[in-house]
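Sequences listed follow chains A and B, in order. The numbering used here puts the first sequence at residues 1 to 406. The numbering used here puts the second sequence at residues 407 to 748.
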Amino acid sequence: MKIRDILLSVTAAAALGTSASAMECETITLGAAISLTGKYATNGVHAQNGYEFAITKIAENGGVQIGDKCYNFDVIYYDDESKGDRGATLAERLIQQDGVQYMLGPYSSGLTKAIAPITEKYGIPMVEAEGASRSLFNQGYKYLFAVLSTSEQYLASAITLAAERATAEGRDPSEVTVAIAVENDPFSLDIRAGVMEDAARYGMNVIIDEKLPRDLSDMTAILTKVKLVKPDVLIVSGHSKGAATAVRQIGEQRINVPMVAITHCEAADVTGNFGDFAENFLCSTQWAETLTYEDPIFGTAANYETEFKAAYPEYATKKVPYQTAQASAAVYVYADAFTRAGSLDKDAVRDAIAATDLATFYGQIKFSDAGNNIAKPMVLRQIQGGEYNVVAPSNFASHDLVWPRP
Amino acid sequence: MTKNTLLYAVLVAATVAAPFLFPSYTAFLATLWLFIIVALTWDMTGGQMGYNSLGNIFFYGTGMYTGAVIAIGLYFPVGEWTDASRSEVFSVTASQYYTGMIIGIPGAGLFCGLCAFIIGPLFFGLRGPYFAIGTLGLAIAAGEIVSNIEWLGGGQGISMPHSPLHPDFEKVLIYFLYAGLGVVLFGFLRWFYSTRFGAAINAIRDDEEKAEAMGIHTLRYKTITWAISAVFVGMAGAISAFQLIHFEPLETAYQTINLGIFMVVCVLLGGKGTLWGPVIGAVLFHVFKEVTWNYILGGQWVALGLLIVIIVVFFQDGLMGYLKHVRPGWFGIKVDTKGATS
Numbered sequence: 001m002k003i004r005d006i007l008l009s010v011t012a013a014a015a016l017g018t019s020a021s022a023m024e025c026e027t028i029t030l031g032a033a034i035s036l037t038g039k040y041a042t043n044g045v046h047a048q049n050g051y052e053f054a055i056t057k058i059a060e061n062g063g064v065q066i067g068d069k070c071y072n073f074d075v076i077y078y079d080d081e082s083k084g085d086r087g088a089t090l091a092e093r094l095i096q097q098d099g100v101q102y103m104l105g106p107y108s109s110g111l112t113k114a115i116a117p118i119t120e121k122y123g124i125p126m127v128e129a130e131g132a133s134r135s136l137f138n139q140g141y142k143y144l145f146a147v148l149s150t151s152e153q154y155l156a157s158a159i160t161l162a163a164e165r166a167t168a169e170g171r172d173p174s175e176v177t178v179a180i181a182v183e184n185d186p187f188s189l190d191i192r193a194g195v196m197e198d199a200a201r202y203g204m205n206v207i208i209d210e211k212l213p214r215d216l217s218d219m220t221a222i223l224t225k226v227k228l229v230k231p232d233v234l235i236v237s238g239h240s241k242g243a244a245t246a247v248r249q250i251g252e253q254r255i256n257v258p259m260v261a262i263t264h265c266e267a268a269d270v271t272g273n274f275g276d277f278a279e280n281f282l283c284s285t286q287w288a289e290t291l292t293y294e295d296p297i298f299g300t301a302a303n304y305e306t307e308f309k310a311a312y313p314e315y316a317t318k319k320v321p322y323q324t325a326q327a328s329a330a331v332y333v334y335a336d337a338f339t340r341a342g343s344l345d346k347d348a349v350r351d352a353i354a355a356t357d358l359a360t361f362y363g364q365i366k367f368s369d370a371g372n373n374i375a376k377p378m379v380l381r382q383i384q385g386g387e388y389n390v391v392a393p394s395n396f397a398s399h400d401l402v403w404p405r406p
Numbered sequence: 407m408t409k410n411t412l413l414y415a416v417l418v419a420a421t422v423a424a425p426f427l428f429p430s431y432t433a434f435l436a437t438l439w440l441f442i443i444v445a446l447t448w449d450m451t452g453g454q455m456g457y458n459s460l461g462n463i464f465f466y467g468t469g470m471y472t473g474a475v476i477a478i479g480l481y482f483p484v485g486e487w488t489d490a491s492r493s494e495v496f497s498v499t500a501s502q503y504y505t506g507m508i509i510g511i512p513g514a515g516l517f518c519g520l521c522a523f524i525i526g527p528l529f530f531g532l533r534g535p536y537f538a539i540g541t542l543g544l545a546i547a548a549g550e551i552v553s554n555i556e557w558l559g560g561g562q563g564i565s566m567p568h569s570p571l572h573p574d575f576e577k578v579l580i581y582f583l584y585a586g587l588g589v590v591l592f593g594f595l596r597w598f599y600s601t602r603f604g605a606a607i608n609a610i611r612d613d614e615e616k617a618e619a620m621g622i623h624t625l626r627y628k629t630i631t632w633a634i635s636a637v638f639v640g641m642a643g644a645i646s647a648f649q650l651i652h653f654e655p656l657e658t659a660y661q662t663i664n665l666g667i668f669m670v671v672c673v674l675l676g677g678k679g680t681l682w683g684p685v686i687g688a689v690l691f692h693v694f695k696e697v698t699w700n701y702i703l704g705g706q707w708v709a710l711g712l713l714i715v716i717i718v719v720f721f722q723d724g725l726m727g728y729l730k731h732v733r734p735g736w737f738g739i740k741v742d743t744k745g746a747t748s
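This is the structure in C-alpha cells:
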C-alpha cells in the first residue's frame, strides 16, 4: 500500500512537473484508517468516496492557500477491517511510520473510540465525520473534532412526533408504548440512550428493550415479540446491515406498527433494495440534499448531490448517503482551518479547527469544547411513495407525517 | 553450553536494543512479543500436553477486563466511568496511572489463573475435538456475557486511563512490559519442561490412560498447567488493555477468530511441542501477517488461508519438525548413515 502510494505520487509528480500550471500546488498528506472490508465496509466506502470527492473539488477550486503557496490534499488509507484493535495499530503506523500529521476519522463510533486515544496521545488533530456516540466527547479529548451531530439526537425527534400525534388523537403521550431493538455497539447504544431519555420525559412505556447481535442479519425473534405486544413506536438501529435486515423482515413478517424509525436508510438504499417494504419508515439523517445549506466550494446541498452522482455513477440511482456528505465536510473543515491557520504546524491547525465557524453545504459547523458539532440539527425523513420527505424538526419539515403507517 | 549461553546473550541484547534501533517499529515489535507469549502459552497445553484449546483467548479478554477494572476501580467507580452519557471528565494522575498498571497487570494474571482453576476440572473431562470446541464455546460465551454487562461498558467497551507519559516513552514501556513477560515466560518454560512436572504432562499427551495408571493425578497436572498458562495470557491481556487504551468485548477482547486462532497457527507453523517452535512460528507468522496485510490488501485473508493449508498439508510438524527431519544433527540426533553394519 505504502510503496504503491509512493510510486504513484512519484510518477504523478514527474508527470505534473512537466505540465499544467494549476497543478503546481504542494501536497498535504492526511491519514485515515477506514473500513474497506468487514461489517462496516459499505459505509467505509461511502466515507472514503466523500473524502476523495472533497479533495478533488478543493483542488479544482485552486487548492488550499497557505501564505503564498497552494496545497492539495492527499490521503494515505489503510483498511481497518472494521476492527478496533486493527484501527488503533494502523493509526499508530500512520503517525509513526508514515509521519502523518493530520488525521481523518474512520467509520463508526467504535472505530473512532479505538483510534482517538492514539491521535490524542501524539497530539495529532483528527477531524472525523462518522463517529457520533456521546461517549467520544466526555473523555476530555483536545484533538478530536466531529462534524456530525451526536447519536442520541438521531431518533429522539421520532419520540416527540409520536407524542404530538398521540396528543392530537386525544391520548396522553404517556400512553404511547415504545419498542427498542438496537445493535450492541457504541453508536446504537447511544441511540437507545437518547430514545430512552425522551421516552422517559413523556412518561412513555418502553415495553421492548432488546440488544441485537453484531453483524445482524436476522431479527425475526424480536419481530415476533413486537407482533405480540403491539407497540406504537418501533425503534431499530444497527448501521446499514441493521437497516436492511429491519426493512426486509418487518415487511416479510407484516409487522403493523404505527411508527417505525430506523437509521442508515440511505446508506443501505432501502428504497432501491426493498421498494414498498420501506414505505412510511422514518429515517434519521444528518443531512438532506433538500436543505438550504450552501458554501462556495460545493454550492448548495442539492448541487453537492448532483455533482457527486456525476463523479460517482454507482450512486446514480440512489440517494447520496449523509455518510458521504459529512466525510466531504470533514475535508472542507481541514481546508478552512489550514487557510486560517496560515501554517502547517499541527498545533496551529488544531487551534484553527477548534475556532471553526463555517457554513457548508452540509450545514453549519461549530465545535464545542468537547469537539462535537453543536451548530447543526438532525433531520427526520419519512419514505413516502419511494421519496425521502423531511417531516421533522418542524422548521425544516416539507411534508406531513403519515401516521399510522397503513 | 557456552554456544547456547552466547546465543541467549545475543538475543537478550537484541531484545533490549530493538526499540531504540527501530523506534518507528516499536508498536510492531510489541505486538510480536504478544504473539510469542500467546503462542508459547498455547503450546503448554496444545503441544506439550496434547489438549488443543481454542479458548485461550478467554484468558486474554478476561485479563484485559480485569486489568481495566483494577486500574479504574482503584480510584473511580467503574460503573460511572463506563457510563457513555456521563458529562463529567475524569482525570487521572501519573501516580494513579502507574499504581493501576502495577497492580492491574499481575492482578489480571492471578484472576485468570484462578478462573482456569475453577473451569479446568469442568473442561478436562473432554478430550480431542470436544475439548477444543468446548473451550471455544467458553470464549464465545464470555464475550457475549461481557458485552451485556453495562457495568463493564457492555458493547461500548471500556476506555482506559490515559498515560501521562510522552507517547514515545510509553510505547517503549509497553514494549518492555511485553518483552519482559515474554523473556520470563521463556525462561520459566525452559526450566518447567525439564522438570518431572514437564515429563508428566508429556506423558499425558502420549498416553493419558498409561499416565494415570502410573499414578499421575492427571486432572491436577492438567489444571495446574492450564492455570499457569492462563496467568501469563491474562497478564499479556492486561498489558494489551493499557496499549490499546480503548477496547470492546467482541472484536478486541474475546476475538476468537483473530488472535484466538492466530496463536494456534503460530504454534503449528513453528512446531508443536517444542520450546523454540512457538517463538519461531510467532515471528514468522507476525511478519507474514504484516506483509500481506500491507501489500496485498484485499487478498490478505486468502494468503493466510493458503498458509494454513500449506502448513497443515505439507509441514504438519511445523518448521522445527521439518528441520529435525532434514538436519537431525542440529538437534543432537545422531544418524548412522552407513546403516546398522558395525
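By construction, the Cβ of each residue, glycine as well, lies at the ideal position given by its N, Cα and C atoms.
Asked, Found
"Residue-chain proximity (GLY561/B, chain A), Cβ-Cβ < 7 Å", "yes"
"DSSP three-state assignment for ALA33/A, whether helix, strand or coil", "strand"
"C-beta atoms of MET641/B and ILE511/B nearer than 7 Å", "yes"
"Enclosing alpha helix (DSSP H) for MET450/B [first to last residue]", "432-452"
"Segments assigned alpha helix (DSSP H), at least 4 residues, entirely inside the segment 558-645 of chain B", "573-598, 602-612 and 614-619"
"Helix, strand or coil at LEU542/B [DSSP, three-state]", "helix"
"Proximity test, Cβ basis, 7 Å: ILE555/B and chain A", "no"
"Close-in-space but distant-in-sequence residues of the same chain around LEU690/B (CB under 6 Å, 5 per side omitted)", "LEU675"
"Contacts that HIS731/B makes with chain A (C-beta to C-beta distance below 8 Å)", "Under the 8 Å cutoff, chain A gives no residues; its nearest Cβ is about 36 Å from HIS731/B."
"DSSP state of GLN97/A mapped onto helix, strand, coil", "coil"
"When GLU252/A, THR324/A, ALA200/A and TYR122/A are compared against THR220/A, the one with the closest alpha-carbon", "GLU252/A"
"Same chain, Cβ closer than 6 Å to ILE610/B, five either side skipped, listed in chain order", "MET455, ALA617 and THR624"
"CB contact flag (ILE749/B, ALA474/B, <7 Å)", "Nothing about residue 749/B can be read from this structure; chain B reaches only from 407 to 748."
"Residues sharing a beta bridge with ALA359/A, DSSP", "GLN364/A"
"Of the listed residues VAL247/A, HIS264/A and ALA129/A, nearest to ASN257/A (C-alpha basis)", "Per the sequence presented here, residue 257/A reads as Val, with Asn not at that position. It is VAL247/A."
"Chain A contact residues for GLU486/B, given Cβ-Cβ distances below 7 Å", "In chain order: nothing, as chain A lies at least about 11 Å away."
"Outcome for TRP707/B when other beta-carbon atoms lying within 10 angstroms are tallied against a minimum of 16", "exposed"
"Endpoints, the beta strand (DSSP E) within which ALA146/A is located", "144-146"
"For ASP74/A, the residue or residues it bridges with in DSSP", "THR29/A"
"is_contact[GLU130/A, chain B] using C-beta, thresh 7 Å", "no"
"Backbone secondary structure at TYR466/B - three-state DSSP", "helix"
"For TYR312/A and GLU266/A, believed in contact at Cβ under 8 Å, the rounded distance", "That belief does not hold up - the Cβ atoms of GLU266/A and TYR312/A are roughly 14 Å apart, past 8 Å."
"Chain B contact residues for LEU189/A, given Cβ-Cβ distances below 7 Å", "ALA490, GLY560, GLY561 and GLN562"
"Endpoints, the beta strand (DSSP E) within which LEU380/A is located", "379-384"
"Alpha-carbon to alpha-carbon, PRO535/B and TYR627/B", "20 Å"
"ASP185/A versus GLY110/A: straight-line alpha-carbon distance, rounded", "7 Å"
"GLY63/A to PRO296/A span [Cα, whole Å]", "13 Å"
"Cβ pair GLY194/A, GLU152/A closer than 7 Å", "yes"
"Pairwise C-alpha distance: LEU460/B and GLY666/B", "7 Å"
"Contacts of SER497/B in chain A (Cβ-Cβ under 9 Å)", "GLY140"
"Closest Cα partner of LYS376/A within the set ALA335/A, THR317/A and ALA288/A", "ALA288/A"
"Contacting residues, own chain, Cβ-Cβ under 7 Å from VAL10/A (five flanking each side not counted)", "No answer about VAL10/A holds up, because its pLDDT of 47 lies below 50 and its placement is not dependable."
"Reduced DSSP secondary structure (H/G/I, E/B, other) of SER240/A", "helix"
"Buried versus exposed, by CB contacts within 10 Å (16 or more), ILE478/B", "buried"
"Alpha carbon of GLY529/B to alpha carbon of GLY679/B, nearest angstrom", "A quick correction: the sequence has Phe, not Gly, at residue 529/B. For PHE529/B and GLY679/B, the distance between alpha carbons rounds to 21 Å."
"PRO406/A versus ALA181/A - alpha carbon distance", "22 Å"
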